[in-house]
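Asker:
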Amino acid sequence: MGSQNEAVIEALETRGFRYVGRDAQRWLSFLGYLNTSEGEHDCELVVDPEFYELPRVRLLSVPDALLPIAPHIGGNGSICYLTKNTVVLDFFDPVGQTLRCVDEAQSVLGKVLRKEMVEDLTEEFFVHWYAGQCIFDVQKPILGEVPGFCLLGRTGERFPVISDDLRATSLKLDVMGFEAKRERIPAYIVKTQVEPRPSQKDWPPKTVADFLEWQRQLDGRCAKKVEQRLGEASRLTKRDALIIIKSPNMRYGIHVHFDQSVLPDEKLALARGTQRLYSYKISRLHVLRLDSEYIAQRNIPALQTLAGKSIAVVGCGTIGGYLIDALAKAGAGTGGGELTIVDNEVLGPQNLGRHRLGMGHLFLNKAFGMRLTLQFDNPSVAVRALDVDARRAHLGAVDLLIDATGDESLGHWLAARYANQVPMLSIWIEGPGVAVRGLMKQPGPSGCYRCLCNHQRAGGLPTVKGLMPALRAGHGCEGLYVPFPATVSLQAAALGAEMALAWVNKRESPSLRTKITDSGYELDTPDCDVLKAERCPACCK
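Remember, our numbering sits 161 above the position in the sequence shown when you count from 1.
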């Protein structure tokens, strides 16, 4: 046994913990007690011998005052005294960190016994809900009846799903590998203004009666509506139904089994009305959201997403492919919006080293390949692929046009055609991957992509200090290209996605933004707003 382990054992012995050997995971196991103002409580302590994981503390006997449930106390007596991802363990100080963890567990237990942490039950609701899972793929949650079905397993299990777009949800399930048969069942969404908190008297609910009694303690109107909906469902089917409760910050539900009752068969045969309804068994459900709003909004809760916007991206190459992927993750093509992608080139072997697409799309049109990729990643994304020259593309009405080609000539043409009509974002790579730049042009007095080029030809707004290197690789006229790694393409795409989100959140300024990608160079022009160039042929019309 290492010296660190021995030091921890000795330190814990001074705190009343007796070393009893290794557990099944080879962790150090101890028996001892936690001393609180409410008395001493016997416990088991197990410590990671590498001191990388939090020590686990479990009460050997849960006090009656903490039954049936209590905040931060698991069903087996385990104490949740720290959240793993909120603390950094110092494995260089195993003794100190272990004793601090014991102190924290002791402190939490004392507070729980003194009823000082009851409010935490709301935050810990799903820990005590002991639930199965329900896929929730509803793009526009409406109250009342919604389409629901069960995936039928080979051994009789029934996995519940709620959707308001059965085609899109079926595609998602196919992508996820769910090949089971599907059976429609009644499903309902009921709203409440009260966040759920487990009952400390009788928990968890096992029947309709238990669930309704608990709901009455929280929100009587919600309980009444749930009972009404279950009554409707029981007249529609003899098998099962779903109820999803939509509270302000979370969704949870129950799977009601109309073919399973706690009443004996002879009593069930005679039961009517609420006596029969209340007797049905339930499975508690944790809602797994697959709707587009949740996917896009979860990681940027303070920002408006790109959902509902019509966005066109010209170029599905080394920048555009990654950018399109990032835009879709930010909500583009969802919520009634559409993502139009334009590229008339074919993916070749020379592209594989720095493109979003891989060998599965080799020799296919890049726009079509990206559409297939997006629809596989999230079938809810509405994407239109155009295999045409961008100058011949009929984009229709768009809210934002993005030029991700890096082609200066095409950028000038797009600026002349669209810059005074719709917001236009240009993203490109400077030189052989020295920097990435983005320019947002709003209709009006701001400068366009051609304006920026005019300023630069006159010596203004340089990207880096000193000369920009001109480097090419390849052989022959058709084989020449500018070499830079995929990491530069990713940074250009990231800048483009950031600027698109800034646009939808009305934070377009500064319109010109630069990120240095080669540490050997120094930024010359800070992020700024570009002024319209005098007599610009593209936007001064």
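All residues carry an ideal CB built from backbone N, CA and C; glycine is no exception.
Apply the 10 Å Cβ neighbour rule to Y349 and answer buried if 16 or more other Cβ atoms are within range, or exposed otherwise.
Answerer: Y349 is buried by the Cβ-count criterion.
Asker: Assign C700 to one of three DSSP states: helix, strand, or coil.
Answerer: Looking at C700 - three-state DSSP - the assignment turns out to be coil, as it is neither helix nor strand.
Asker: Could you tell me the boundaries of the alpha helix (DSSP H) in which S570 lies?
Answerer: That run of the alpha helix (DSSP H) goes E569 to Y579.
Asker: Please report the distance separating the alpha-carbon of L449 from that of E683.
Answerer: If you take the alpha carbons of L449 and E683, they lie about 47 Å apart.
Asker: Measure the Cβ-Cβ separation of L484 and L467 and say whether it is below 8 Å.
Answerer: Going by C-beta atoms, L484 is not nearer than 8 Å to L467.
Asker: DSSP three-state call for S541: helix, strand or coil?
Answerer: DSSP places S541 in coil when its eight states are reduced to three.
Asker: How many angstroms separate the CA atom of V708 from the CA atom of D426?
Answerer: Nothing about residue 708 can be read from this structure; the chain reaches only from 162 to 702.
Asker: If I'm right that V369 touches I443 with Cβ under 8 Å, what's the distance once you round it to whole angstroms?
Answerer: Their Cβ separation, rounded to whole angstroms, is 6 Å, which keeps V369 and I443 in contact under 8 Å.
Asker: Who are H418's beta bridge partners in DSSP?
Answerer: BP columns for H418 point to D401 and K442.
Asker: List the endpoints of the continuous alpha helix (DSSP H) containing P255.
Answerer: P255 to L274 is the extent of the alpha helix (DSSP H) around P255.
Asker: If distances are taken between C-alpha atoms only, which option among G236, A663 and T479 comes closest to P365?
Answerer: Measuring from the Cα of P365, the nearest candidate turns out to be G236.
Asker: Can you look up I480 in the DSSP assignment and give me helix, strand or coil?
Answerer: The answer is coil: DSSP assigns I480 none of H, G, I, E or B.
Asker: Excluding the five sequence neighbours on either side, which residues of its own chain have a C-beta within less than 6 Å of the C-beta of P229, listed in chain order?
Answerer: Hits under 6 Å: W364.
Asker: Does the distance from the CB of R445 to the CB of Y291 come in under 8 Å?
Answerer: Yes, they are a contact pair.
Asker: Within 10 angstroms of the Cβ of A699, are there 16 or more other Cβ atoms? Answer buried if so, exposed if not.
Answerer: Buried, since its Cβ has 16 or more Cβ neighbours within 10 Å.
Asker: With the cut-off set at 8 Å, would you say A554 and L575 are in Cβ contact?
Answerer: The answer is no: Cβ separation not under 8 Å.
Asker: Within its chain, find whatever has a CB closer than 7 Å to the CB of P210; leave out the 5 residues flanking it on each side and keep chain order.
Answerer: N166, R187, W188 and L189.
Asker: Could you please give the first and the last residue of the uninterrupted alpha helix (DSSP H) stretch that includes C612?
Answerer: Y610 to R618 is the extent of the alpha helix (DSSP H) around C612.
Asker: Roughly how many angstroms lie between the CA atoms of E393 and F339, to the nearest whole one?
Answerer: Their Cα atoms are separated by approximately 30 Å.
Asker: With DSSP collapsed to three states, give me the class of P347.
Answerer: Reduced to three states, the DSSP call for P347 is strand.
Asker: Measure the alpha-carbon distance for H636 versus L656 and round it to whole angstroms.
Answerer: Low confidence applies here, because H636 scores a pLDDT of 49, under 50, leaving its location unreliable and the question unanswered by this model.
Asker: Which value, in whole angstroms, describes the spacing of the CA atoms of L403 and A226?
Answerer: Approximately 34 Å between the Cα atoms of the pair.
Asker: Using the Cα positions of P359 and K428, report the straight-line distance between them to the nearest angstrom.
Answerer: So the two alpha carbons sit approximately 30 Å from each other.
Asker: Would C701 be called buried (16 or more neighbouring beta carbons within 10 Å of its own) or exposed?
Answerer: Answer is exposed; the Cβ neighbour count stays below 16.
Asker: Exposed or buried, what is Q300 when buried is set at 16 or more other beta-carbons lying within 10 Å of its beta-carbon?
Answerer: It is buried - the Cβ of Q300 has at least 16 other Cβ atoms within 10 Å.
Asker: When the Cα atoms are used, what is the spatial distance from R433 to R396?
Answerer: Approximately 12 Å, taken between the alpha carbons.
Asker: Tell me the rounded alpha-carbon separation between C638 and P644.
Answerer: Reliability fails at C638, whose pLDDT of 48 lies under 50, so the model's placement of it is uncertain and the value that follows must be treated cautiously. Answer to the nearest angstrom: the Cα atoms are 15 Å apart.
Asker: If I measure Cβ to Cβ from R390 and keep anything under 6 Å in the same chain, skipping five residues before and after, which residues do I get?
Answerer: These residues qualify, in order along the chain: Y349.
Asker: In this structure, does DSSP put H636 in helix, strand or coil?
Answerer: With a pLDDT of only 49 at H636, under the threshold of 50, the placement of this residue in the model should not be trusted; the figure read from the coordinates follows. If DSSP states are grouped into helix, strand and coil, H636 belongs with coil.
Asker: Within this structure, are the beta carbons of L274 and E199 separated by less than 8 Å?
Answerer: Yes, Cβ-Cβ distance for L274 and E199 is below 8 Å.
Asker: For F191, which residues does DSSP report across the bridge?
Answerer: The partner list for F191 (beta bridge, DSSP) reads Y180 and L206.
Asker: What do you get for D564, buried or exposed, if any count of 16 or more other CB atoms within 10 angstroms of its CB means buried?
Answerer: The residue is buried, with at least 16 neighbouring Cβ atoms inside 10 Å.
Asker: How many Å lie between H418 and R400 at the Cα?
Answerer: So the alpha carbons of these two residues sit roughly 6 Å apart.
Asker: So A266 packs on I296, CB below 8 Å; how close in whole Å?
Answerer: A266 to I296, Cβ: 36 Å. No contact.
Asker: Run through DSSP, which three-state label would F286 get?
Answerer: Of the three classes helix, strand and coil, the one that applies to F286 here is helix, per DSSP.
Asker: Can you give, in chain order, each stretch of the alpha helix (DSSP H) that sits fully within the stretch 498 to 557 and has at least 4 residues?
Answerer: You should have 527 to 538.
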